[in-house]
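Position in the sequence shown (first residue = 1) + 1329 = the numbering used here.
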Amino acid sequence: RFGKYLILTFDTSLNMCEAQFRTYLLEKSRVVRQAPFERNFHVFYQLCEGAPPEIRSALQLRRAEDHAYTKQHTEVAGVQDAEKFTRLRQALQAVDV
């Protein structure tokens, strides 16, 4: 019912200087059914589109349209999921995650 996300703050040398957890209410109706042109689980779309074959195989990952909660709206105009996934991986590697 509740979700959490982490806010990380870095200084100009890319050293982590602060971390905060935020709690938010998950709207159950938005998880199982989205409004037109809306998506949930954004990083999952990115993972489906941008993960290399070895990760897809290890996770038994299929296309977003093959999963029940993500098949309603798999594409959004102007959103490049594979590129976003690459940038996410680079950001995580930069902070040694």
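All residues carry an ideal CB built from backbone N, CA and C; glycine is no exception.
- Here glutamate 1347 is bridged, per DSSP, to Thr1338.
- Taking C-beta separations shorter than 8 Å and ignoring five residues to either side along the sequence, the partners of glutamate 1412 in its chain run Gly1379, following chain order.
- By the neighbour-count criterion, in which 16 or more other beta carbons inside 10 Å mark a residue as buried, aspartate 1410 falls on the buried side.
- For glutamine 1422, the enclosing alpha helix (DSSP H) stretches over residues 1410-1423.
- Spatial neighbours of alanine 1348 in its own chain (CB-CB distance under 6 Å, excluding positions within 5 residues in sequence) are listed in chain order as Leu1337.
- Inter-residue distance for leucine 1354 and glycine 1332 is about 6 Å (C-alpha atoms, whole angstroms).
- Fewer than three Cβ pairs drawn from the segment 1384-1397 and the segment 1411-1425 lie within less than 8 Å of each other, which leaves the two stretches out of contact.
- The three-state reading of DSSP puts tyrosine 1353 in strand, counting E and B together.
- Bridge pairing for glycine 1332: Tyr1353 [DSSP].
- A straight-line Cα-Cα distance of about 6 Å links cysteine 1346 and aspartate 1340.
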